[in-house]
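Protein sequence lines, in the order shown, are assigned to chains A, B, C and D. In terms of the numbering used here, the first sequence opens at residue 1 and continues consecutively. In terms of the numbering used here, the second sequence opens at residue 135 and continues consecutively. In terms of the numbering used here, the third sequence opens at residue 269 and continues consecutively. In terms of the numbering used here, the fourth sequence opens at residue 403 and continues consecutively. Glycine is no exception: its CB is placed at the ideal position from the N, C-alpha and C atoms. These notes concern the structure reproduced below.
There are 4 protein chains.
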Amino acid sequence: MQKHILPIRIYYEDTDVGGTVYHANYLKFFERARTESLRTLGFELGELLKNEDTGFVVSSIEVDFLQAAELDQLLYVVTEIIEVRHASIRYTQCLHRDTAEGTLLCRAKVRIACVDGQKRPRRIPKLLLVEIKK
Amino acid sequence: MQKHILPIRIYYEDTDVGGTVYHANYLKFFERARTESLRTLGFELGELLKNEDTGFVVSSIEVDFLQAAELDQLLYVVTEIIEVRHASIRYTQCLHRDTAEGTLLCRAKVRIACVDGQKRPRRIPKLLLVEIKK
Amino acid sequence: MQKHILPIRIYYEDTDVGGTVYHANYLKFFERARTESLRTLGFELGELLKNEDTGFVVSSIEVDFLQAAELDQLLYVVTEIIEVRHASIRYTQCLHRDTAEGTLLCRAKVRIACVDGQKRPRRIPKLLLVEIKK
Amino acid sequence: MQKHILPIRIYYEDTDVGGTVYHANYLKFFERARTESLRTLGFELGELLKNEDTGFVVSSIEVDFLQAAELDQLLYVVTEIIEVRHASIRYTQCLHRDTAEGTLLCRAKVRIACVDGQKRPRRIPKLLLVEIKK
Numbered sequence: 001m002q003k004h005i006l007p008i009r010i011y012y013e014d015t016d017v018g019g020t021v022y023h024a025n026y027l028k029f030f031e032r033a034r035t036e037s038l039r040t041l042g043f044e045l046g047e048l049l050k051n052e053d054t055g056f057v058v059s060s061i062e063v064d065f066l067q068a069a070e071l072d073q074l075l076y077v078v079t080e081i082i083e084v085r086h087a088s089i090r091y092t093q094c095l096h097r098d099t100a101e102g103t104l105l106c107r108a109k110v111r112i113a114c115v116d117g118q119k120r121p122r123r124i125p126k127l128l129l130v131e132i133k134k
Numbered sequence: 135m136q137k138h139i140l141p142i143r144i145y146y147e148d149t150d151v152g153g154t155v156y157h158a159n160y161l162k163f164f165e166r167a168r169t170e171s172l173r174t175l176g177f178e179l180g181e182l183l184k185n186e187d188t189g190f191v192v193s194s195i196e197v198d199f200l201q202a203a204e205l206d207q208l209l210y211v212v213t214e215i216i217e218v219r220h221a222s223i224r225y226t227q228c229l230h231r232d233t234a235e236g237t238l239l240c241r242a243k244v245r246i247a248c249v250d251g252q253k254r255p256r257r258i259p260k261l262l263l264v265e266i267k268k
Numbered sequence: 269m270q271k272h273i274l275p276i277r278i279y280y281e282d283t284d285v286g287g288t289v290y291h292a293n294y295l296k297f298f299e300r301a302r303t304e305s306l307r308t309l310g311f312e313l314g315e316l317l318k319n320e321d322t323g324f325v326v327s328s329i330e331v332d333f334l335q336a337a338e339l340d341q342l343l344y345v346v347t348e349i350i351e352v353r354h355a356s357i358r359y360t361q362c363l364h365r366d367t368a369e370g371t372l373l374c375r376a377k378v379r380i381a382c383v384d385g386q387k388r389p390r391r392i393p394k395l396l397l398v399e400i401k402k
Numbered sequence: 403m404q405k406h407i408l409p410i411r412i413y414y415e416d417t418d419v420g421g422t423v424y425h426a427n428y429l430k431f432f433e434r435a436r437t438e439s440l441r442t443l444g445f446e447l448g449e450l451l452k453n454e455d456t457g458f459v460v461s462s463i464e465v466d467f468l469q470a471a472e473l474d475q476l477l478y479v480v481t482e483i484i485e486v487r488h489a490s491i492r493y494t495q496c497l498h499r500d501t502a503e504g505t506l507l508c509r510a511k512v513r514i515a516c517v518d519g520q521k522r523p524r525r526i527p528k529l530l531l532v533e534i535k536k
């Protein structure tokens with residue numbers, strides 16, 4: 001279970017009249033990073049749903065907003081899995097500025113639950129579980 | 135085919151670092167207004183899809199952004215159907231400030247196409263067509 | 269410090285390919301509700317910034333996503349202040365379906381910090397503090 | 403004035419309950435591409451505003467939505483400047499699937515106007531004009 005790093009560029013769409021990134025948009029960055037960390041393991045969300053009747057929903061999130069990001073900045077989401085259970089995964093995700101070790105802007109704990117196409121809880125498919133735990 | 139009027143309040147989520155409403159968000163306001171004008175006629179998009187296998191997709195849009203909207207402002211979307219065909223509808227939608235006759239901020243021509251659940255073109259269901267043409 | 273209730277209608281813009289509301293968008297609903305609860309007390313965010321050099325930033329948030337909201341649903345955000353300090357406010361916000369006592373979909377604890385126009389921490393202006401504590 | 407190409411990955415945040423990308427979000431992709439084409443020339447929007455009192459606002463847009471994009475797809479925005487005037491720029495922007503010559507999904511004509519920090523029209527700064535016209 002290695003750390004995954006995703007660069008994110010800040011565009012106008014991400015900002016608000018306060019001059020910095022709108023707080024809810026950090027959740028989008030974290031979700032892009034979780035998606036890319038799965039893609040790195042060889043899994044795409046669309047295919048998982050079609051072929052394995054498997055999806056993921058966010059069941060809880062805790063976010064500390066420490067410092068605001070600004071237009072044009074290049075950020076790095078550092079994603080780490082901290083627990084894998086039969087039907088859920090817990091992540092820690094940190095957003096850094098300029099480099100993956102740069103100033104910490106935002107830190108999140110995210111729990112996602114595995115569901116089927118009807119959004120009923122289900123076990124994480126084995127082939128995925130094996131790759132995540134490597 | 136009467137004019138439909140929908141009030142819209144501007145929140146932080148709608149704005150960008152330029153200090154005004156982010157341009158793509160006006161399209162959301164126009165779509166809320168089209169949705170509400172259908173609801174006024176007794177139709178909900180979710181039910182149309184479930185019960186009539188009918189949805190709508192935006193096929194083209196032309197927007198003139200005349201003056202920017204700002205945080206806390208109360209806007210009014212004035213929606214008018216200008217043409218109804220077998221499988222498409224054309225709208226003119228205008229965004230005004232403070233009242234439905236206030237300063238014109240933004241004007242759009244929108245064409246939506248009727249599709250089935252697989253996004254294939256289809257005729258607008260008769261019961262809907264009748265209400266729209268009233 | 270009374271409960272504040274805000275109705276929210278779900279539109280296409282709020283949903284995702286999973287068929288329900290995109291998780292980050294609940295944060296927008298909660299923020300609209302905090303904004304409206306201030307407006308009820310006679311304060312607008314834009315005016316507070318211009319006249320009092322006062323803004324608010326979300327400093328932390330905890331959200332439990334219990335059940336997903338769907339297109340066309342009418343939801344109610346119930347907002348309650350649970351602590352007011354010199355430079356921050358803590359809220360509990362709950363999202364219910366159909367009525368303000370309907371099925372609980374989502375529950376959040378939100379802490380916002382008072383800042384000046386340069387995003388430096390500052391005390392909440394007295395005239396605002398008095399109204400909030402009423 | 404060369405064509406600029408920007409890859410865009412589709413995430414959950416971009417989609418809606420219809421199963422494809424929400425129509426207003428294509429405008430975000432086009433704007434990211436215009437921003438990156440400026441960055442390629444050595445200009446950042448945030449710096450232009452601070453150092454040159456120069457910004458850009460979208461003054462009109464025409465979009466044809468030909469085919470919908472889906473989750474996980476890799477798209478390419480092809481951006482071309484078709485006219486540069488003293489205080490405005492006109493673009494053609496096309497969104498293709500899989501490669502920059504792949505299936506055309508969406509085509510836009512966008513006109514942006516140059517403004518100062520107070521959103522008043524102004525001439526495009528010479529140093530920028532020179533680079534754009536190269």
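Cβ-Cβ distance between residue i and residue j below 8 Å
| i | j | result |
| --- | --- | --- |
| D418/D | T360/C | no |
| V331/C | Y294/C | yes |
| Q207/B | I144/B | yes |
| C362/C | F333/C | no |
| L140/B | E165/B | no |
| V479/D | K405/D | no |
| F177/B | L262/B | yes |
| A337/C | L343/C | yes |
| L473/D | G46/A | yes |
| Y22/A | E147/B | yes |
| P125/A | E52/A | yes |
| A158/B | A426/D | yes |
| V264/B | I195/B | no |
Cutoff 8 Å: residue i Cβ touching any chain A Cβ
| i | result |
| --- | --- |
| S327/C | yes |
| K430/D | yes |
| A301/C | no |
| V345/C | no |
| L497/D | no |
| D366/C | no |
Simplified DSSP assignment, three categories, for residue i
| i | result |
| --- | --- |
| Y428/D | helix |
| T169/B | helix |
| I144/B | coil |
| V151/B | coil |
| V392/C | Looking at the sequence itself, residue 392/C is Ile, so the reference to Val does not match. Coil. |
| K267/B | helix |
| A100/A | coil |
| K511/D | strand |
Closer than 8 Å to chain C by CB, residue i
| i | result |
| --- | --- |
| G42/A | no |
| E415/D | yes |
| G251/B | no |
Chain B contact for residue i (CB, 8 Å cutoff)
| i | result |
| --- | --- |
| L339/C | yes |
| H425/D | yes |
| G370/C | no |
Below-8 Å beta-carbon distance, residue i vs any chain D residue
| i | result |
| --- | --- |
| E186/B | no |
| V218/B | no |
| G18/A | no |
| A202/B | yes |
| L45/A | yes |
| V197/B | yes |
Residue i: CB within 7 Å of a non-hydrogen atom of the ligand COA
| i | result |
| --- | --- |
| D206/B | Although the ligand COA was asked about, the structure shown includes no ligands whatsoever. |
Practice item. Give, in chain order, every unbroken run of the alpha helix (DSSP H) that is at least 4 residues long and sits entirely within the segment 429–500 of chain D. Key: DSSP runs (the alpha helix (DSSP H)) wholly in the segment 429–500 of chain D: 447–454.
Review point. Can we say the segment 83–91 of chain A touches the segment 107–124 of chain A, given the rule of at least three CB pairs closer than 8 Å?
Key: Contact between the segment 83–91 of chain A and the segment 107–124 of chain A is present, with at least three C-beta pairs closer than 8 Å.
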